[in-house]
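Below is one structure; the comments refer to it alone.
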Ligand code: F6P
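Numbering (this note's numbering), first residue to last: 416 to 923.
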């Protein structure tokens, strides 16, 4: 860390000591709190009045952002610089959204994306004209979680032409349960795999292809079209993607074809437009009013200065039930690093453990620990003000619960009985959407993506590689022959476990 950065870091450390001596409840009672500590973009409100901060902390965090050269770093990202240093790649997901933030360096990428989008529309038209009713998207990680979330969240916005299903896990139960409910003659399968080597997707793809029995409805989305062709997929049924799109940032590419098929073209465009609006905002808005910058800085404040080890994502909307899963990949695969770009170890903590669930259901499971456990868990509460149903009483109760929880967590309540005492002091942010529609969901997801980038820049780590997942993949491939009875595992414990599993299996 440079001496200048260290100076800001020390200053923030001293602020943390100071604020930890006072109470969050007192901070929250200060006048003007919401005006000072909330920002709005379009109809997305980010309210961080219940974070353990004051004016001085916010100013010091913004100094840290300036010293980290965040504004130039956003330009580098969206201009196609090789921000993925270990793989010498750009990360141009913003170019896929076709907004005004597409800078000169990204024009070629945008043109390629535009031509794939046209091809995607032609292929969609063919499917629409066919007798296909069901789409099965086969992929895992970034080739699954984002599209699965968006298709699920926006059910009220489906145009009804297709029903979309997903298979991700290598566990054969997914195919076992889904396939009997579908007619292969009325189903198309999209195999989504950037690398076209992922074990889970290859195995599930094989099952689906055999089940389909007709390759004319078998499609692939991949950055390795040659591998798909070699595997027998017709070039006319392959949609390309590129090395410059990270898997977990790829739902905006042809990886999201399933979304397009579920929503129709106008709503797919609205999703991209929402994300593009956040790209422009991130690139052009001064740091102090920049939502992803503020969100990212607060994550750093909670992690590095207040020392919180986990972060909860709490959507108060059942439709966003898959958001924690998607964000786990976006945040933890991006920021789960302990060396800097140059390979030197970081001297500070990086990503917290991210987890969550929907309100109000979670209130009746893990919220007890949030209120009275020994671990303080900062939380993002996400609320939608206007519902897409007519059960007004339920919706008002949902919003009342959301507010009640943020208040109770921050402020607490005293009691002479220690069992009935709520310590408070538990910070949260509130992200409010007017509605959950394609545009606002695009904004929300892009906001998190750019917040992750902000954190990676300040920490000096690469947000776009994921070397940590490779060792397990290699070991699984080495263990597979042993499980089939062809050779022995190298590791002594794994060797005994393989014997145990084989013995258990053979007793059936
Ligand atoms: O195992 C991690 C990972 O490489 C993710 O980063 C990626 O989104 C996922 O696997 C799927 O990869 P692919 O799209 O290449 O099949």
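Where is the CB? At the ideal position from N, CA and C, for every residue including glycine. Every value quoted in this text rests on a predicted model; they were computed, and no experiment measured them.
Go through its chain and collect everything with a Cβ distance to residue 509's Cβ below 6 Å, but skip five positions before and after it. 493, 516, 694
contact_flag[the region 572–589, the region 529–537] where n(CB pairs < 8 Å) is 3 or more: No: fewer than three Cβ pairs fall under 8 Å.
Reference residue 814; option with closest CA among 474, 801, 805: 801
Given a cut-off of 8 Å, decide if residue 795 and residue 729 are closer than it, judged by their beta-carbon atoms. yes
Is any non-hydrogen atom of the ligand F6P found closer than 7 Å to the C-beta of residue 715, if you look at the structure I gave you? The ligand F6P has no heavy atom closer than 7 Å to the beta-carbon of residue 715.
Helix, strand or coil for residue 771? Go by DSSP, reduced to three states. Here residue 771 sits in strand by DSSP.
Check: residue 608 C-beta below 7 Å from any heavy atom of the ligand F6P: yes
Which runs of the beta strand (DSSP E) fall wholly inside the region 520–587 and span at least 3 residues, in chain order? 549–553, 578–582
I'd like the ranges of any beta strand (DSSP E) spanning at least 3 consecutive residues and lying wholly in the region 795–870. Counting only runs of 3 or more, we get 843–848.
Start and end of the alpha helix (DSSP H) containing residue 739? 738–742
For residue 836, count the other beta carbons within 10 Å of its own beta carbon; 16 or more makes it buried, fewer makes it exposed. Which is it? So residue 836 counts as exposed.
If residue 842 and residue 465 are in contact, beta carbons under 8 Å, what's the gap, nearest whole angstrom? 6 Å
Would you list the residues sitting across from residue 488 in a DSSP beta bridge? Note: residue 488 sits in no beta bridge, so no partner.
Contact between the region 643–651 and the region 541–551 is defined here as three or more beta-carbon pairs at a separation below 8 Å; is this criterion met? no
Between residue 753 and the rest of its own chain, which residues show a CB-CB distance below 7 Å, the 5 nearest in sequence each way excluded? 760, 761, 765
Looking only at its chain, what residues have a beta carbon closer than 6 Å to the beta carbon of residue 637, apart from the 5 residues adjacent to it on each side? If we look at residue 637 and ignore the five residues flanking it on each side, its Cβ neighbours are 608, 611, 643.
Beta-carbon contacts of residue 865 that lie in its chain and below 6 Å, excluding the five residues immediately before and after: Here the set comprises 697, 707.
With DSSP as the reference, please indicate the residues paired to residue 603 in a beta bridge. 550
Tell me the residue span of the beta strand (DSSP E) that contains residue 786. It is not in any beta strand (DSSP E) - residue 786 instead sits in the alpha helix (DSSP H) that spans 782–787.
Beta-bridge pairing of residue 653 - partner residues as DSSP gives them: Answer is 635, bridged to residue 653.
Would the C-beta of residue 616 count as close to the ligand F6P, meaning under 7 Å from any of its heavy atoms? yes
Could you give the C-beta distance for residue 771 and residue 714, rounded to a whole number, given that I count them as a contact under 8 Å? Not confirmed; about 14 Å, so no contact.
Quick check on the DSSP output: the beta strand (DSSP E) that includes residue 624 runs from which residue to which? Segment 614–627 is the alpha helix (DSSP H) holding residue 624; no beta strand (DSSP E) there.
Work out the CA separation of residue 512 and residue 569 for me, nearest whole Å. 18 Å
Flag residue 881 as yes when its Cβ comes closer than 7 Å to any non-hydrogen atom of the ligand F6P, and as no otherwise. In this structure, residue 881 has its CB closer than 7 Å to one or more heavy atoms of the ligand F6P.
How would you call residue 434, buried or exposed, if buried means at least 16 neighbouring beta carbons within 10 angstroms? buried
Would you give the residue range spanned by the alpha helix (DSSP H) that residue 707 belongs to? 706–715
Under three-state DSSP, which class holds residue 460? When DSSP states are grouped into helix, strand and coil, residue 460 belongs to the strand group.
Assign residue 524 to one of two classes, buried (16 or more other C-beta atoms within 10 Å of its C-beta) or exposed (fewer than that). buried
Going along the chain, which unbroken runs of the beta strand (DSSP E) with 3 or more residues stay wholly within the region 421–478? 453–456, 459–462
One question on the structure: do residue 773 and residue 736 come within less than 8 Å of each other, judged by their Cβ atoms? yes
Selected residue, minimal CA-CA separation from residue 440, among 748, 826, 913: 826
Against chain D, does residue 642 count as a neighbour if the rule is that its beta carbon must be under 8 Å from one of theirs? Here chain D cannot be found, since the structure has a single protein chain.
Going by DSSP, which residues form a beta bridge with residue 754? 760
May I ask you to verify whether the region 669–684 touches the region 558–567, counting CB pairs closer than 8 Å and requiring at least 3? yes
From residue 871 to residue 755, what does the alpha carbon distance come to, in whole angstroms? 9 Å
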